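In my numbering, each residue's number is its place in the sequence shown (first place is 1) plus 16.
Don't be surprised by glycine CBs; every beta carbon is placed ideally from N, CA and C.
Note that the structure is predicted; figures quoted are calculated from it, not measured.
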Amino acid sequence: MLDKLFSPSTVAVVGASRSPGKVGHDILANLVAGGFAGKIIPVNPSGGEMFDLKVFKKLADYRGKIDQVIIAVPSKYVLDLARDAISKKAFSIIVISAGFRETGETGSQQQDELADICKRGGARLLGPNCLGLINTDANLNSSFAGRMPQAGSIAVFSQSGALCTAMLDLAENRHIGLSKLISIGNKADLSEVDMLIALARDEQTRVIVGYLEDISSGDNFIKAAEEASNRKPVIILKSGTTVAGQKAAASHTGVLSGADTAYGAAFKRSGVCRADTFDAMFDYATAFNLQPLPMGNRVLIITNAGGPGTMAADAVEKSGLQVAVLDRNASTALRAQLPVAASIANPVDVLGDAGPDRYVAALQAAQKDPAVDAVLIILTPQAMTRPGETARAIIDHMDGSKPVLASFMGGKDVMPGRRELAAGGLPDYESPERAVAVLKAMHEYSVWRNRPPRMVTRFPVNRRRVERIISRRQRTGRLQLGEVRAKNILRAYGFQILDGRQATSPEEAVEIARFVGFPVAMKVVSPNIIHKTDLGGVRLDVTSSQEVDDAYELMMLRIRKQAPEAIIEGVYVEKMADPGLEVIVGMTRDPQFGPMLMFGLGGIFVEVLKDVTFHLAPITEDEAVQMLQSTRSYEMLKGKRGQKEVDIAAIAAALQRISQLTTDFPQIIELDINPMIVGEMGTEPVVADARMTLSALIKQNHSHN
17 MLDKLFSPST VAVVGASRSP GKVGHDILAN LVAGGFAGKI IPVNPSGGEM
67 FDLKVFKKLA DYRGKIDQVI IAVPSKYVLD LARDAISKKA FSIIVISAGF
117 RETGETGSQQ QDELADICKR GGARLLGPNC LGLINTDANL NSSFAGRMPQ
167 AGSIAVFSQS GALCTAMLDL AENRHIGLSK LISIGNKADL SEVDMLIALA
217 RDEQTRVIVG YLEDISSGDN FIKAAEEASN RKPVIILKSG TTVAGQKAAA
267 SHTGVLSGAD TAYGAAFKRS GVCRADTFDA MFDYATAFNL QPLPMGNRVL
317 IITNAGGPGT MAADAVEKSG LQVAVLDRNA STALRAQLPV AASIANPVDV
367 LGDAGPDRYV AALQAAQKDP AVDAVLIILT PQAMTRPGET ARAIIDHMDG
417 SKPVLASFMG GKDVMPGRRE LAAGGLPDYE SPERAVAVLK AMHEYSVWRN
467 RPPRMVTRFP VNRRRVERII SRRQRTGRLQ LGEVRAKNIL RAYGFQILDG
517 RQATSPEEAV EIARFVGFPV AMKVVSPNII HKTDLGGVRL DVTSSQEVDD
567 AYELMMLRIR KQAPEAIIEG VYVEKMADPG LEVIVGMTRD PQFGPMLMFG
617 LGGIFVEVLK DVTFHLAPIT EDEAVQMLQS TRSYEMLKGK RGQKEVDIAA
667 IAAALQRISQ LTTDFPQIIE LDINPMIVGE MGTEPVVADA RMTLSALIKQ
717 NHSHN
């Protein structure tokens, strides 16, 4: 536990300075001004007094025990001072100083040595290159931030010190109270994982907010984030979301994924609410902190203007939430209390001349109605509007049964209302769209919190056969597995593979075609050709021996002309699959989070449409179905737009089988089944084409069971 980091009895500031504006001066001033009740020990070689406190020339001069040592001196002195802190049995050492890993190789070596000194001495290290920390519950400001926030129940940790100060400024501007603020800096020891574990158990914290640039350990992060999310909301803003610098990937799955996709999948898996912007991070935190979670996705909109109400309804529909339909009792009650011209359909339009009483009538009806899960109240400044009184009336009549958010739109005229909302603990947003984005995040977190226990299905498979294929290929260094060997592996894991053989001559191709039965598909086999269709290396629906002969010769001719360097091993002749919907299922192995499964519409359009979804393995049946539901093409799977309904459970089972295969064999770093042909209910999906990439060395298995 990190109790003595957050609530020390004795704090020493090494590098305490008499010069305002210097970091050592500001930290000492903050400790004193914050009202910290413990002992404060300034350390400076010149001795004397600062802030009526005795200044010690060195740490060793202080005779008692020190819980926390803050070091704010140039980096070249830090290692020796860390040893001094260890000799005083310090529990925590906060290194504010920069000049470590962020500066290059020498700084990186110094940082490793600093971490080693602290570890061997039994001290926890925060930083280096950090702002420090604040704990409002203990009146502790061990930082050089410009202000002490008001006490509250939102805890913030950040990899960026500058963002910490911006967060403090925004929190004050929005009247948001914080329980803790921790700058983790270079994460030489204490990282986001430690913060998640500590803050999950912290009684002063209701909501955890984090800003991250990277994650130190994927496995540990998912475990800590999932445990924290089971107790309270975790909201994270993750920067560095582009895929620049990603290595070129051989498969469709690799092309469509990227580092950011893996983070998204990890957050989804562990219940983290991901904020895309700095503002959204605080939008979410405020609502999670002040309002209950919704029981469902049905939103009632109350407005005094038609346009903003329509904007809100559009935002609700687009976000995947539902515009609630009031039940008969609520409609009757509202009709009796609102003017004839008012609309009691959703949005409920209380009209431009509405006073507090109409808003209260609509709010009370919504709170009593079992068909409403959340309420959004919109107010625009019109001639008769009384924003301050209306805000107070709304707050007085909220019963806490379901989340209520407000959007008081405008500037100066609505400020009295906004001040009342802030004072009364009702989250208020400048636009309806921002409020709806918050409701969506709350609903998704509520669904995650109420999810069934994770049960990963294990299918009976021929693991031995796959071990033989993979070890043989790794020994010979041929790490790209084409269609033939990839299908052999998939067959061992229960996938339906149609009859087929590899031919090395037109005569052999004809013989195989006759054996498997017409019509057949013919595909070139080459370790150098990934996209066979582009080079004329695929022929479908070949119906006679003569056509097989001709197709073989023409294929060889075209490919030798277009790819003269390619090694051609022959042509794969296979029984044609029955018609069906083409989908892609695949896996790419993320270095941080392990196997990441993909699903989307398949065939040649996968990279054009990019309608794909990702999830970390291992995956449950529920999660597999959720993957399908999260694509735009799910409607096609369900049989809309002239399509017949396909066997969704069979696709979900295929995803689970890939999940099992790729968690069983960490040697597989990429896998593509494209297309997999899916038929109507009760039919087995068919693997039409597949390929895999193996690692040169066997890596550690990633598993998040």
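Check                                                                                                          : Outcome
Inter-residue Cα distance where the pair is Pro-144 and Ala-301                                                : 27 angstroms
Endpoints, beta strand (DSSP E) assigned at Met-297                                                            : First-last for Met-297: 294-306, but that is the alpha helix (DSSP H), not the beta strand (DSSP E).
C-beta contact flag for Leu-141 and Asp-205 at 8 angstroms                                                     : yes
For Val-482, the three-state DSSP class (helix, strand or coil)                                                : helix
Val-662 - containing beta strand (DSSP E), residue span                                                        : First-last for Val-662: undefined, no H or E at that position.
Best match in Asn-504, Phe-534, Asp-132 for proximity to Asp-594 [C-alpha to C-alpha]                          : Phe-534
For Thr-636 and Ser-561, the rounded distance between their alpha carbons                                      : 46 angstroms
Beta-carbon gap between Val-722 and Val-536 smaller than 8 angstroms                                           : Because residue 722 is not part of the residues shown, which for the chain are 17 to 721, the question remains open.
Residues bridged to Thr-319 [DSSP beta-bridge criterion]                                                       : Asp-365
Three-state class that DSSP yields for Asn-151 in the structure shown                                          : strand
Sequence-distant residues of its chain with Cβ nearer than 8 angstroms to Pro-386 (five each side left out)    : Asp-343
Cβ pair Ile-600, Ile-689 closer than 8 angstroms                                                               : yes
Helix, strand or coil at Val-554 [DSSP, three-state]                                                           : strand
Sub-8 angstroms separation of Ile-360 and Arg-351 beta-carbons                                                 : yes
Cβ neighbour criterion (16 or more within 10 Å) applied to Glu-333                                             : exposed
According to DSSP, residues forming a beta bridge with Thr-709                                                 : Gln-496, Glu-686
Anticipated Cβ contact below 8 angstroms, Phe-531 with Ala-281, distance rounded                               : About 43 angstroms separates the two Cβ atoms, so there is no contact after all.
Span separating the alpha-carbon of Phe-72 from that of Thr-26                                                 : 14 angstroms
8 angstroms contact criterion, which Ser-403 and Val-430 should meet: CB distance rounded                      : According to the sequence displayed, residue 403 carries Pro and not Ser. At roughly 5 angstroms, the Cβ-Cβ gap stays under 8 angstroms, so Pro-403 and Val-430 are in contact.
From Pro-543, Met-327, Ile-231, residue whose alpha carbon lies closest to that of Leu-395                     : Met-327
Alpha carbon of Ala-291 to alpha carbon of Met-297, nearest angstrom                                           : 5 angstroms
Ile-86 and Val-172 closer than 8 angstroms at C-beta                                                           : no
Gly-123, enclosing alpha helix (DSSP H) - first and last residue                                               : 121-136
Pair within 8 angstroms by beta-carbon distance, Lys-20 and Ser-108                                            : yes
Gln-84 - partner residues in DSSP beta bridges                                                                 : Val-27, Ser-108
Ordered list of beta strand (DSSP E) runs contained in the segment 28-78, each at least 3 residues             : 55-59
Touching by the beta-carbon criterion (3+ pairs, under 8 angstroms), the segment 74-81 and the segment 115-124 : no
Local Cβ density within 10 Å of Met-400, reported as buried at 16 or more and exposed below that               : exposed
Best match in Ile-575, Ile-528, Thr-559, Pro-522 for proximity to Tyr-568 [C-alpha to C-alpha]                 : Pro-522
His-582 (DSSP reduced to helix, strand or coil)                                                                : In the sequence on display, residue 582 carries Ala and not His. Ala-582 falls in the coil class under three-state DSSP.
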